[in-house]
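Order-wise, the sequence lines are chains V and R. Using UniProt numbering, read the first sequence as starting at 1 and increasing by one per residue. Using UniProt numbering, read the second sequence as starting at 1 and increasing by one per residue. Note that CB positions come from ideal geometry on N, CA and C, so glycine has one too. No experiment lies behind these values; they were computed from the predicted model shown. Beneath this line is the structure, given in structure tokens, with notes to follow.
Number of protein chains: 2
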Amino acid sequence: MNNELSSQQLKDIGEQGLLEILQRFCPPEIIGDDAAVFQTAPGQSLVVTTDVLVDGVHFSNLTTSPEDAGWRSAAANLSDLAAMGASPLGITVGLGLPGEIEVSWVERLYQGITECLQKYNTPIVGGDIVRSPVTTLAITAFGQVNPSQIIRRSAAVPGDAIIVTGVHGASHAGLELLLHPELGQNLQEVEKMALIRAHQHPQPRLDVLPILWKILATPCPMPIAGMDSSDGLADAIIQICRASSVGAVLQRRQISLPAAFDHWLTQEQALKYALYGGEDFELVLCLPQESASALVQHLGQGAAIVGKITAGSTVLLHDEQKKFPDQVLSLSQGFQHFDQ
Amino acid sequence: MNNELSSQQLKDIGEQGLLEILQRFCPPEIIGDDAAVFQTAPGQSLVVTTDVLVDGVHFSNLTTSPEDAGWRSAAANLSDLAAMGASPLGITVGLGLPGEIEVSWVERLYQGITECLQKYNTPIVGGDIVRSPVTTLAITAFGQVNPSQIIRRSAAVPGDAIIVTGVHGASHAGLELLLHPELGQNLQEVEKMALIRAHQHPQPRLDVLPILWKILATPCPMPIAGMDSSDGLADAIIQICRASSVGAVLQRRQISLPAAFDHWLTQEQALKYALYGGEDFELVLCLPQESASALVQHLGQGAAIVGKITAGSTVLLHDEQKKFPDQVLSLSQGFQHFDQ
Numbered sequence: 001m002n003n004e005l006s007s008q009q010l011k012d013i014g015e016q017g018l019l020e021i022l023q024r025f026c027p028p029e030i031i032g033d034d035a036a037v038f039q040t041a042p043g044q045s046l047v048v049t050t051d052v053l054v055d056g057v058h059f060s061n062l063t064t065s066p067e068d069a070g071w072r073s074a075a076a077n078l079s080d081l082a083a084m085g086a087s088p089l090g091i092t093v094g095l096g097l098p099g100e101i102e103v104s105w106v107e108r109l110y111q112g113i114t115e116c117l118q119k120y121n122t123p124i125v126g127g128d129i130v131r132s133p134v135t136t137l138a139i140t141a142f143g144q145v146n147p148s149q150i151i152r153r154s155a156a157v158p159g160d161a162i163i164v165t166g167v168h169g170a171s172h173a174g175l176e177l178l179l180h181p182e183l184g185q186n187l188q189e190v191e192k193m194a195l196i197r198a199h200q201h202p203q204p205r206l207d208v209l210p211i212l213w214k215i216l217a218t219p220c221p222m223p224i225a226g227m228d229s230s231d232g233l234a235d236a237i238i239q240i241c242r243a244s245s246v247g248a249v250l251q252r253r254q255i256s257l258p259a260a261f262d263h264w265l266t267q268e269q270a271l272k273y274a275l276y277g278g279e280d281f282e283l284v285l286c287l288p289q290e291s292a293s294a295l296v297q298h299l300g301q302g303a304a305i306v307g308k309i310t311a312g313s314t315v316l317l318h319d320e321q322k323k324f325p326d327q328v329l330s331l332s333q334g335f336q337h338f339d340q
Numbered sequence: 001m002n003n004e005l006s007s008q009q010l011k012d013i014g015e016q017g018l019l020e021i022l023q024r025f026c027p028p029e030i031i032g033d034d035a036a037v038f039q040t041a042p043g044q045s046l047v048v049t050t051d052v053l054v055d056g057v058h059f060s061n062l063t064t065s066p067e068d069a070g071w072r073s074a075a076a077n078l079s080d081l082a083a084m085g086a087s088p089l090g091i092t093v094g095l096g097l098p099g100e101i102e103v104s105w106v107e108r109l110y111q112g113i114t115e116c117l118q119k120y121n122t123p124i125v126g127g128d129i130v131r132s133p134v135t136t137l138a139i140t141a142f143g144q145v146n147p148s149q150i151i152r153r154s155a156a157v158p159g160d161a162i163i164v165t166g167v168h169g170a171s172h173a174g175l176e177l178l179l180h181p182e183l184g185q186n187l188q189e190v191e192k193m194a195l196i197r198a199h200q201h202p203q204p205r206l207d208v209l210p211i212l213w214k215i216l217a218t219p220c221p222m223p224i225a226g227m228d229s230s231d232g233l234a235d236a237i238i239q240i241c242r243a244s245s246v247g248a249v250l251q252r253r254q255i256s257l258p259a260a261f262d263h264w265l266t267q268e269q270a271l272k273y274a275l276y277g278g279e280d281f282e283l284v285l286c287l288p289q290e291s292a293s294a295l296v297q298h299l300g301q302g303a304a305i306v307g308k309i310t311a312g313s314t315v316l317l318h319d320e321q322k323k324f325p326d327q328v329l330s331l332s333q334g335f336q337h338f339d340q
């Protein structure tokens, strides 16, 4: 054990630092993506992902109803499965609850979880309920995927087109409107509601998978690269580039945005929301140009080719109209913008 | 929603009451056992189980080292898989941690988890680390089983012999010795250490499964009944009887106990430890007499036939020597004994 590390506290090294230390306890070949994958039988891989959510850290009665907290936590886990190309089989729900919590709060949480799950024919298959001084929700989702159809962060190659399956920035805009309603003065009511709904009821893009498999042959002739944009579009592209040892050029004006942004935010603000806002739960996929065009055409509204994978390691934000200089994207930028 | 219920708090109805309310959100055919089961492919079922453990509720630095907390939490989940007849595939570990926790504490927890897992060739395949005001550990384990070999609580039939795979009461005795070292005055050091070790390093009985499959034909000709004794031997037998709509007669003098109990506890105390102590993580199986005898013979030390499944619904504790009157076992009795 490294003694220098051992005397440190978690706050000194952060969750990411701790994660790196703990990864040596895990087999490297089955972790490091949106979810873990391992083959259980010929032609079948099991995909597993887990999330822990804590009251006051990840949700709060001030901004989130229990139904919405439930929906969002289920959606985030289903999105991780979609990001691996997997169809959901079920989820387990572990709950730590204070004795003073109202039973109706827990029922409403479950209502939200099951409403989201039912949309994707996914059952709750088990769980655990224990006492805890702080409300805690631990969800584990698992699904299955044909091994040739696993979507991995590490499979992007130079020349691939980068596709987003929908608009980015809506969820963060919705959160801002919930926290600061006065920001919405220039928005129509219907626009406000749509943005808030994007935050409260994100849709995991499991619907993209059958379309993707239809466009690509089965068994899929090449590895598919991608992940979801739960931590922001910039994060998704940077993570894919790191895992694949490639770079990317992102076309500033190709990134699809909610229509309301046009008359509500400056171009710079809109782009920040889209790149660093997070929680849009779209898929970011890297495919050969022809397949990419076919997929975008099939998906329609919001789907777009936003850039290209390049050799090297730099992720550049580029303006075709040359009004803005090229900008290097980095993960830390996201945290500077929103101080999350 | 039932409005009368909804105004109640969790402490009014307890975890069991809440569990009953929430089960209506879950498909009844895949829950209600030690773990959830569902078929993923012909000849293959996936088994999933999840546990949430909270600092100060389920473990404490006062009585448990982080290594032991890790070992015990992994062992409890592997035992749930064994109780379904399933071989482990992997576990996920979700952690909620305060910023002030020492990194070395978390490393030692993982050390304990992986030491237990390595014994059973089981990898950690994923996880999540988040901030939380209270240290929380959420483990989900999954395994696979041939559908004909699933062990279910609901499969016991009158005439079955009830088998325990080892002694009961050791884990509770170990806990008592940790909490009140003065109780161990009449024990040899080696006896004390063995009881404490039974508490700190329980062994999930995955080793029983290949022996069981060897004795029974494959595919198994009849459903196998059983569960683990994590909540006590009395609880296991009562749960099996409830789920199978049968009763049982338990032979007081057949229940195998740690040898040290002979010269340390009264007969009554020893029996209470065995029936209600919990956390021995043995398997309690119900099989036709012939298979039961063969299994007990193969398992050796501590394994025993302790009773018989009967028609009706009563679970009786019987003394062949008639020194004690027959006694009806109930779940609530366990809680009276130990006020857990």
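In this structure, the beta-carbon distance from V/I113 to V/S73 falls below 8 Å.
Inclusion of R/G94 and R/G127 in the CB contact set at 8 Å is warranted, their separation being smaller than that value. Residue-level contact check: V/V190 does not touch chain R, since none of the beta carbons of chain R fall below 8 Å from its beta carbon. Cβ atoms of V/P133 and V/W105 stay farther apart than 8 Å, at about 16 Å.
Contacts between V/F25 and chain R, judged by CB atoms closer than 7 Å, involve Y110, T114 and I124 in chain order.
Residues of the stretch 50–64 of chain V whose Cβ lies closer than 8 Å to any Cβ of chain R, in chain order: T50, D51, V52, L53, V54, G56, V57 and H58.
The C-beta of R/G300 has fewer than 16 other C-beta atoms within 10 Å across all chains shown, which makes the residue exposed. The beta carbon of V/Q44 sits closer than 8 Å to some beta carbon of chain R. Distance from the CA of R/D326 to the CA of R/K272, rounded to the nearest whole angstrom, comes to 15 Å. The beta carbon of V/S229 lies closer than 8 Å to those of V164, H168, D235, A236, G278, D280, F281, E282, L283 and V284 in the same chain, with the five residues before and after it left out.
In this structure, DSSP gives V/E320 a state outside helix and strand, which the three-state scheme calls coil. In the DSSP annotation of this structure, the continuous segment of the beta strand (DSSP E) that includes R/T140 starts and ends at T136 to V145. Under the three-pair Cβ rule at 8 Å, the stretch 245–252 of chain V counts as touching the stretch 294–313 of chain V. From the listed residues V/G302, V/T63, V/T140 and V/I224, the smallest Cα separation to V/V47 is found for V/T140. Counting along the chain, V/I129 sits inside the beta strand (DSSP E) bounded by residues I124 to R131.
Against R/L19, the close residues of chain V are I129, in the order they occur along the chain (beta-carbon pairs closer than 7 Å). Using a Cβ distance threshold of 8 Å, V/I196 and V/L177 count as a contacting pair. When rounded, the separation of the alpha-carbon atoms in R/A243 and R/R152 is 9 Å. With a 10 Å radius around the Cβ and a threshold of 16 neighbouring Cβ atoms, R/H58 comes out buried. Neighbours of R/V134 in chain V, taken as residues whose beta carbon is under 7 Å from its own, are S132, P133 and V134 in chain order. Between V/L209 and V/G85, the gap from beta carbon to beta carbon is short of 8 Å. As the crow flies, the alpha-carbon of V/S256 is around 24 Å from that of V/L179. Chain V has no Cβ within less than 8 Å of the Cβ of R/F281.
When rounded, the separation of the alpha-carbon atoms in V/I124 and V/A82 is 18 Å. For the stretch 47–131 of chain V, the full-length beta strand (DSSP E) segments reaching 3 residues or more read 87–97 and 124–131 along the chain.
When C-beta distances to chain R are compared with 9 Å, every residue of the UniProt domain "PurM-like C-terminal" (158–313) of chain V stays at or above that value. Interface with chain R (8 Å Cβ-Cβ cutoff): V/S79 is excluded. In this structure, the straight-line span from the alpha carbon of V/Q39 to that of V/S154 is close to 18 Å.
Contact check for V/Q203 against V/A75 passes: the beta carbons are separated by less than 8 Å. Within its own chain, the residues whose Cβ lies closer than 8 Å to the Cβ of V/E115, once the five positions on either side in sequence are excluded, are E67, G70 and W71, listed in chain order. For V/V284, the enclosing beta strand (DSSP E) has its first and last residue at L283 to L287.
When DSSP reads this structure, V/D228 sits in a beta bridge with V/L283. Per the C-alpha coordinates, the member of V/A35, V/G43 and V/S7 positioned closest to V/P219 is V/G43. At a cut-off of 8 Å between beta carbons, V/E102 contacts chain R.
At a cut-off of 8 Å between beta-carbon atoms, V/A36 makes contact with chain R.
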